[in-house]
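For the sequence shown, the positions run 824 to 986 when this note's numbering is used.
Cβ coordinates follow ideal geometry from the N, Cα and C atoms, glycine included.
Below: one structure, written as structure tokens.
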Amino acid sequence: MTLNENLRFEDVESAVKRAFLRTPERVLLSAPTGLYKWTDRPLVNANRISPWWSFVESRRLPSGTMAEGFRASEERAARLKRPHREFARARAAVSGQFGNSMTNLLMIQLNEPAWGFVGQASGQREFADEERDLQHVFLIGGAMQVWVPNLEPRHVTAVPVRG
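Below is the structure:
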């Protein structure tokens with residue numbers, strides 16, 4: 824059975840649903856699909872792998888929507904004269920609440936097919952609610968994100984990142 828074959832988006836936690844601007848597309852990701860993320864965590868953390876990724880290569884989804892890859896995102900950041908990491912934080916809406924300094928680029932490829940959900944990241948506050956002075960600082964979101972739950976080390980291979 825393919826990973827996440829029986830998973831329906833209607834059944835996932837509300838926090839996952841809120842991370843998407845609208846209902847994402849269910850997509851079969853073939854091996855060796857490449858995925859990346861900016862993170863300060865290792866690939867395997869507490870014996871689990873984060874489900875949140877972006878595509879390395881741009882690709883057209885079954886609906887016809889184009890999901891930008893790493894290079895397209897990097898080019899947009901360069902046009903804005905911003906580091907790719909900062910651009911990715913705003914567009915993927917990686918809030919400070921997650922405690923992720925996004926210092927390292929992590930790339931993987933799938934070793935076997937897996938079902939995932941692809942859609943636009945929902946915007947959100949950058950800081951925790953307790954920080955009242957900054958409660959109106961908002962990360963815009965809008966980047967296409969890939970959510971692949973239940974990943975285990977056997978499902979992926981880390982890909983060395985070249986400077």
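Handout entry: Proximity of Leu866 and Leu929 at Cβ, strictly below 9 angstroms
Key = It is a contact, given that the beta carbons lie within the stated cut-off.
Exercise for the section: Give me the Cβ distance between Val971 and Ala890, rounded to the nearest whole Å; I'm assuming they're in contact under 8 angstroms. Expected result: With a Cβ gap of about 13 angstroms, Val971 and Ala890 do not count as contacting.
Problem - Rounded separation between Thr888 and Arg985 - CA only - result: Cα to Cα, the separation comes out at about 29 angstroms.
Problem - Ala937, DSSP secondary structure in three states - result: The three-state secondary structure of Ala937, taken from DSSP, is strand.
Handout entry: Minimum length 4: unbroken alpha helix (DSSP H) runs contained in the region 889-928
Key = If we require 4 residues or more, the alpha helix (DSSP H) runs fully inside the region 889-928 come out as 893-902, 907-915.
Practice task
From the DSSP output, in three-state form, read off Val835 for me.
Solution key: It is coil, neither helix nor strand.
Practice task
Assign Ala901 to one of two classes, buried (16 or more other C-beta atoms within 10 Å of its C-beta) or exposed (fewer than that).
Solution key: Ala901 is exposed by the Cβ-count criterion.
Practice task
Look at the Cβ atom of Trp876, then the Cβ atom of Gln943, and state whether they are nearer than 9 angstroms.
Solution key: No, these two residues do not count as a Cβ contact at 9 angstroms.
Exercise for the section: Helix, strand or coil for Arg977, going by three-state DSSP, please let me know. Expected result: DSSP places Arg977 in helix when its eight states are reduced to three.
Practice task
Quick one: grab the DSSP three-state call for Arg845.
Solution key: In the structure shown, the three-state DSSP call for Arg845 is coil.
Exercise for the section: Taking all protein chains shown into account, decide if Arg912 is buried (16 or more other Cβ within 10 angstroms of its Cβ) or exposed. Expected result: It counts as buried.
Practice task
Go to Gly857, then tell me how far its beta strand (DSSP E) extends in each direction, as first and last residue.
Solution key: Taken as a continuous stretch (DSSP letters only), the beta strand (DSSP E) holding Gly857 covers 857-862.
Exercise for the section: Starting from the Cα of Phe878, find the closest Cα among Arg894, Ser945, Pro885, His978 and give me that residue. Expected result: Phe878 has its Cα closest to that of Arg894, out of Arg894, Ser945, Pro885, His978.
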